[in-house]
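Chemist: Got a structure here, written out as structure tokens. Questions coming.
Numbering (our numbering), first residue to last: 4 to 255.
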């Protein structure tokens, strides 16, 4: 039987995708380096719903999101009328593998811990600002500090405006397109006796999703409105809470 080739692989980006692929590669014996522009793996983001297929991926990697109370098994998704809160439908999710409710920071922490335990090197403050593919097909990475890296194999997991995608497919490949939806996201204090359910309040051209995190200590809220156009690009834009209140004034 032929032995698999062990490679030195560089992953660009220490987000969910980058850390997950790093763990998978390390479990197969490869030497993995993850380059991350941030100065630390810190608590950012809000809530995530990890569906059954996502849970199976974590299982295959030997990761337990339920350990230390990081994730909560969702019992159901409940659809409600936006005006009176009347329950319209209920989808039970309590069966295995089910769906998990989890803070993104807790998932990143779980992935980073396990990646490091497998020998993955997570190199912080490595801000790559240009990638060039040479005639031989090998990538050359220019750091913002002026250094140059030439990895044997590069995997791009560097987000919305991916430099890796642009280097392979051209400049326009990393230009975002407006989906027609705008989302307001926030975390508020929760109650430990709240049911482990994701609730969706449905209205015309808008909806609101809410579910508990960290055993009820927090509640994640996402309010989504359909729009024809949007001028500001990016993941995070502070907004006036009164605008959200006006937009969703008819919600229960």
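By construction, the Cβ of each residue, glycine as well, lies at the ideal position given by its N, Cα and C atoms. The structure presented is a predicted model; accordingly, all values stated were derived computationally and were not measured.
1. Assuming residue 80 contacts residue 96 (C-beta within less than 8 Å), just tell me the rounded distance between them.
2. Residue 154 and residue 110 - do their beta-carbons sit closer together than 8 Å?
3. So, with DSSP's three-state summary, where would you put residue 231?
4. Within the continuous beta strand (DSSP E) that includes residue 209, where are the two ends?
5. Out of curiosity, what's the CA-to-CA distance linking residue 176 and residue 38?
6. How is the alpha helix (DSSP H) around residue 109 delimited, first residue to last?
7. Residues in its own chain within less than 8 Å of residue 232 by CB, not counting five upstream and five downstream?
8. Answer yes or no: do residue 14 and residue 25 have a C-beta to C-beta separation smaller than 8 Å?
9. Kindly indicate which three-state DSSP category residue 4 falls into: helix, strand or coil?
10. Can you find at least 3 beta carbon pairs, one from the region 115-125 and one from the region 32-51, that sit closer than 8 Å?
11. For residue 55 versus residue 100, is the C-beta spacing smaller than 8 Å?
12. Can you grab the Cα-Cα spacing for the pair residue 85 / residue 92, in whole Å?
13. Mind checking whether residue 142 and residue 121 have CB atoms under 8 Å apart?
14. In chain order, what are the residue ranges of uninterrupted alpha helix (DSSP H) at least 4 long that sit wholly in the region 10-84?
15. What residue does the beta strand (DSSP E) around residue 148 start on, and which one ends it?
16. Going by beta carbon distance, what residues of the same chain come within less than 6 Å of residue 204, once the five residues before and after it are set aside?
17. Measuring CB atoms only, is the region 212-219 touching the region 182-202, in the sense that at least three cross pairs come out at less than 8 Å?
18. State the DSSP-derived secondary structure class of residue 246, mapped to helix, strand or coil.
Modeler: Reading from the atomic positions:
1. 6 Å
2. no
3. coil
4. 209-216
5. 22 Å
6. 107-120
7. 181
8. yes
9. Below a pLDDT of 50, predicted positions are generally treated as unreliable, and residue 4, at 45, falls in that range; no measurement from the model is reported.
10. yes
11. yes
12. 13 Å
13. no
14. 19-30, 55-63
15. Run containing residue 148: none; DSSP gives neither H nor E here.
16. 83, 85, 211, 254
17. yes
18. helix
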